[in-house]
Structure formats: structure tokens, C-alpha cells
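J.:
In this note's numbering, the protein residues as written are 12 to 147.
(1) Work out the CA separation of residue 109 and residue 82 for me, nearest whole Å.
(2) In whole angstroms, what is the alpha-carbon distance linking residue 87 and residue 43?
(3) Whole angstroms are fine: how far does the CA of residue 136 sit from the CA of residue 13?
(4) What residue range is occupied by the uninterrupted beta strand (DSSP E) comprising residue 65?
(5) Decide if residue 34 is buried, meaning its Cβ has at least 16 other Cβ atoms within 10 Å, or exposed.
(6) Quick one: grab the DSSP three-state call for residue 118.
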């Protein structure tokens with residue numbers, strides 16, 4: 012079965028993250044030249060899926076050191092490229108979520124203002140109707 016839609020989070024997909032919408036939070040720590048990424052999910056209570064998953068990424072030697080600086084920077088280690096890519100995708104997920112929440116909040120605010128305006132105009136119309144003399 013072919014999916015015509017490309018996955019917006021290919022790195023997370025490679026890591027086995029199939030439900031990016033259920034990600035509640037993530038944490039990063041380092042232990043002995045190994046970066047640890049812990050992804051916490053918001054799952055239903057009766058779910059058999061794990062509530063969190065942990066991934067370990069070894070630090071990699073810096074590849075951008077020039078020939079003259081190799082001796083000086085021989086001990087420089089960088090974060091794993093897959094971890095950097097996963098963090099970018101996680102940040103995209105949370106940025107999209109926060110912008111959707113701010114848009115939803117703005118829409119709810121506009122609805123509240125509209126309801127106030129309608130209530131005020133309704134009262135005004137009721138007052139005008141009460142001023143119309145009765146026809147016998």
C-alpha cells in the first residue's frame with residue numbers, strides 16, 4: 012500500500028515514532044559522551060503503547076575541523092546528526108501546536124466579542140420595539 016503523502020517528520024519516523032500528535036514532552040540529557048532523548052507521550056489510559064521512549068545517541072567527532080586544527084580540536088565531540096534532526100522535528104511539532112492554540116484562542120476571543128455585540132444590539136432593538144405605540 013503506497014502512501015501518497017510524504018511524512019513531515021522522517022527522522023522521528025525512522026526512530027519508530029508513529030504518533031507525533033501524541034507527544035506531550037521531550038527531555039535531553041548527556042551521560043558519558045552519550046546523548047539521551049526521552050520522548051513522553053500523552054496516551055489514553057487503556058492504551059498498550061508505551062507512555063515514553065528513550066533513545067541513545069553517541070557523540071561524534073567534529074568533522075569541520077581544518078587540517079591545522081586537528082591536534083587542537085581532537086577531543087571535540089558534536090551531537091549526533093540524527094539527534095539534531097529529531098530535535099528540529101520535535102521543535103516543529105511544538106511550534107505548530109502552540110500556533111494552533113494561539114489561533115484557537117484568538118477565534119474564541121472574537122466569538123466572545125461577537126456575542127457581546129449581538130446581546131447589546133438585541134437589547135437596543137427591544138427598547139426600540141417597546142417605544143412603538145400600540146395600534147388599536
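A virtual CB, placed ideally from N, CA and C, is assigned to each residue, including glycine.
T.: In this structure, then:
(1) Here residue 82 corresponds to residue number 71 of the chain shown, with the count starting at 1. Here residue 109 corresponds to residue number 98 of the chain shown, with the count starting at 1. With a pLDDT of 49 at residue 82, under the threshold of 50, the predicted position of this residue should be treated as unreliable, and no value is reported.
(2) As a working note, residue 87 is residue 76 in the chain shown. As a working note, residue 43 is residue 32 in the chain shown. The alpha-carbon atoms of residue 87 and residue 43 are separated by roughly 14 Å.
(3) Counted from its first residue, the chain shown places residue 13 at position 2. Counted from its first residue, the chain shown places residue 136 at position 125. Because residue 13 carries a pLDDT of 48, less than 50, the predicted location of this residue cannot be relied on, and the following value inherits that uncertainty. If you draw a straight line from the Cα of residue 13 to the Cα of residue 136, it comes to about 60 Å.
(4) Numbered from 1 along the chain shown, position 54 holds the residue referred to as residue 65. Looking at the DSSP string, the run of the beta strand (DSSP E) that includes residue 65 is 63–69.
(5) On the chain shown, residue 34 is found 23 positions in, with the first residue counted as 1. Buried, because 16 or more other Cβ atoms sit within 10 Å of the Cβ of residue 34.
(6) By one-based count along the chain shown, residue 118 stands at place 107. Here residue 118 sits in helix by DSSP.
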